[in-house]
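Have a look at the structure below before the remarks.
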């Protein structure tokens, strides 16, 4: 578990759950000296996070987009992060991000503290601004993505009535 430790390189393609399972098992033995005996799989719905560990059934899910966009080295760090949660939880130690046990083990295995953002992803899908709310008394404007009923609200500055216009 030294910082100069070289990870086992297994060729994993996004969506190949069997190869991911083998990789997670190999990383667990190599970095932690303990087996990973539960399930690891890809989850294509993960967008803002690189991986998740589930307390209920101890499975690990990894984002295939992070593997495609950021590569094996980054995803290896994500897997080591999730394995820290896994092993600490099974040992009854502090497995949460704020726990000292977690922070110490993560540093020992050279896991990633945070998942790097995907290129071109600014926090998920964004819709364009389609509506403008305007106060009829003071003229203040507020932009909205969703349609709303202006008669249910008042201006936050002067208390005047609002009108809604489509942009």
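Numbering (full-length UniProt numbering), first residue to last: 1 to 167. Beta carbons: idealized from backbone N, C-alpha and C, even for Gly. Being a predicted model, the structure only gives us computed values, none of them experimental.
I'd like to confirm the pairing. Which residues does DSSP put opposite residue i in its beta bridges?
i: residue 143; result: 132
i: residue 165; result: 132
i: residue 159; result: Its beta-bridge partners do not exist; DSSP assigns none.
i: residue 52; result: 61
i: residue 154; result: 161
Can you check which of these residues, the options, is closest to residue i by C-alpha distance?
i: residue 164; options: 142, 144, 133 and 143; result: 133
i: residue 145; options: 135, 130 and 136; result: 130
i: residue 138; options: 120, 161, 116 and 149; result: 161
i: residue 188; options: 151, 80 and 117; result: The chain is shown from 1 up to 167; residue 188 falls before or after that span and cannot be answered.
i: residue 100; options: 147, 84 and 53; result: 84
i: residue 41; options: 53, 20, 33 and 27; result: 20
i: residue 28; options: 167, 91 and 82; result: 82
i: residue 58; options: 35, 70, 64 and 69; result: 35
i: residue 46; options: 141, 115, 140 and 159; result: 115
i: residue 113; options: 102, 120 and 119; result: 102
i: residue 53; options: 80, 71 and 64; result: 80
I need the straight-line Cα distance from residue i to residue j, nearest angstrom please.
i: residue 7; j: residue 111; result: Unreliable positioning characterises residue 7 in this predicted model, as indicated by a pLDDT of 49, which lies under 50. A coordinate reading is not provided.
i: residue 67; j: residue 128; result: 29 Å
i: residue 74; j: residue 30; result: 17 Å
i: residue 173; j: residue 62; result: Outside the modelled stretch of the chain, which goes from 1 to 167, sits residue 173, for which no answer is possible.
i: residue 193; j: residue 95; result: The question about residue 193 has no answer here: the residues shown for the chain are numbered 1 through 167.
i: residue 136; j: residue 148; result: 16 Å
i: residue 4; j: residue 33; result: With a pLDDT of only 49 at residue 4, under the threshold of 50, the placement of this residue in the model should not be trusted; the figure read from the coordinates follows. Distance between the alpha carbons of residue 4 and residue 33: 16 Å.
i: residue 166; j: residue 143; result: 10 Å
i: residue 88; j: residue 151; result: 54 Å
i: residue 90; j: residue 44; result: 26 Å
i: residue 11; j: residue 51; result: 18 Å
i: residue 16; j: residue 55; result: 23 Å
i: residue 60; j: residue 39; result: 6 Å
i: residue 141; j: residue 120; result: 30 Å
i: residue 76; j: residue 70; result: 10 Å
Taking DSSP as the reference, what is the three-state secondary structure of residue i?
i: residue 40; result: strand
i: residue 120; result: coil
i: residue 65; result: helix
i: residue 80; result: helix
i: residue 27; result: helix
i: residue 90; result: helix
i: residue 4; result: Legend: pLDDT at residue 4 = 49, less than 50; position of this residue unreliable, value from coordinates given subsequently. If DSSP states are grouped into helix, strand and coil, residue 4 belongs with coil.
Looking at C-beta atoms only, is the number of pairs between the region 142-156 and the region 93-108 that lie closer than 8 Å three or more? no
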